[in-house]
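Here is the structure we will look at, set down as structure tokens.
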Amino acid sequence: MTATLSIQSLGLAYDTPTGRRTVVDDLSLSLGTGDIGCLLGASGCGKTTVLRAIAGFEPVRQGSIALDDTLLSSASEHLAPERRRVGMMFQDYALFPHLTVAGNVGFGLRRQASGARAQRVTEMLELVGLAASADNYPHELSGGQQQRVALARALAPAPDLLLLDEPFSNLDIDTRERLAFEVRDILKQTGHTALLVTHNQAEAFAIADRIGVMHAGRLAQWDTPYNVHHHPASALVAEFIRPEGLMEQRAQVFQRGR
Ligand SMILES: Nc1ncnc2c1ncn2[C@@H]1O[C@H](COP(=O)(O)OP(=O)(O)OP(=O)(O)O)[C@@H](O)[C@H]1O
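Now the structure itself:
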């Protein structure tokens, strides 16, 4: 149902016309069962590439990725994406416009008997507070509601790990902060292990049990939000987690109520 993620000395690279380009180097982290981790870093530092490798869409050049005792990827092994029990949620919702909300949530459950599927869809829509919108189409919902449908869809097959790539970045500032807290509550309720990618510090601190600060393909620190904030591992992390910027963002978040 949910698992521990272990990444050891991960190396990822793209083959380009001018040769192989390493974009993630010697990255190690462990995320406990039911914990929410967040990779934070500037654009281009390799966050999305890490998520894609965990999902099985990028080959691993060095090191390994495992969920509990199951090896997902290494330089010599590659479990097919559909066999990984990893759910994904992206910034652009990616809902099917021609399917109702219920149809979207049930999409990944097509192999289940219709009764069980309908029950799971109802459960998931209740979880995200959208039971009343089951028969609506995506375009009839707000951006925040659409993202909650996307979350329900990602959680419906009960993945061992949920990956979220900038899930709030298309939303206005009020909605994104509220939704960050809501998503945290939902994930804590279901006990899912989740890894989120963002470049927004307030979001990272609102949602995560563990924060990883990435810089140029490397993990500069992987620690609790408290330690990243109070005990940055290097000048680079301290500079990135600027207290003024962060406090300002957090003040806004807390004003809106946690
Ligand atoms: N298919 C690709 N081929 C070659 N290089 C790529 C490819 N995809 C990404 N890159 C490069 O790899 C590096 C890491 O990209 P990645 O998308 O992982 O960064 P990111 O931290 O998620 O950035 P952003 O926050 O902008 O999404 C970037 O320099 C990017 O240009």
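Counted the way this note's numbering counts, the sequence shown spans residues 41 to 298.
Idealized CB from N, CA, C, for every residue including glycine.
What you are looking at is a predicted structure, and each value in this text was computed from that prediction instead of being measured.
Check your understanding: Going straight from the alpha carbon of F280 to that of R216, what length do you get?
Key -> 21 Å
**Study point:** F245, DSSP secondary structure in three states
**Key:** helix
**Study point:** Cβ-Cβ separation, H239 to S83 (assumed contact under 8 Å), whole Å
**Key:** 6 Å
Practice item. Whole angstroms is fine: what's the gap from G96's alpha carbon to S114's? Key: 11 Å
Practice item. Could you name the residues of the same chain whose beta carbon sits closer than 8 Å to that of A93, not counting the 5 residues immediately before and after it, in chain order? Key: L50, L52, V64, P99, V100, I105 and S113
Practice item. For the region 109-165, list the alpha helix (DSSP H) runs that are entirely contained and at least 4 residues long, ordered along the chain. Key: 141-145
Check your understanding: If you count every other CB in all the chains shown that lies within 10 Å of the CB of G231, and 16 or more means buried, which is it?
Key -> exposed
Practice item. Using DSSP bridges, identify the partner residues of A53. Key: T62
**Study point:** Beta-carbon spacing of A196, R160 below 8 Å
**Key:** yes
Exercise for review: Take A171 as the anchor and find which of V189, D225 and T44 has the nearest alpha-carbon.
Suggested key: V189
Point to revise | Inter-residue Cα distance where the pair is L167 and I226 | key: 7 Å
Check your understanding: Taking just the CA atoms, how far does S116 sit from G77?
Key -> 27 Å
Check your understanding: In whole angstroms, what is the alpha-carbon distance linking V149 and D200?
Key -> The sequence shown places Leu at residue 149, not Val. Distance between the alpha carbons of L149 and D200 is about 15 Å.
**Study point:** ligand 1 heavy atom lying under 7 Å from the CB of R101
**Key:** no
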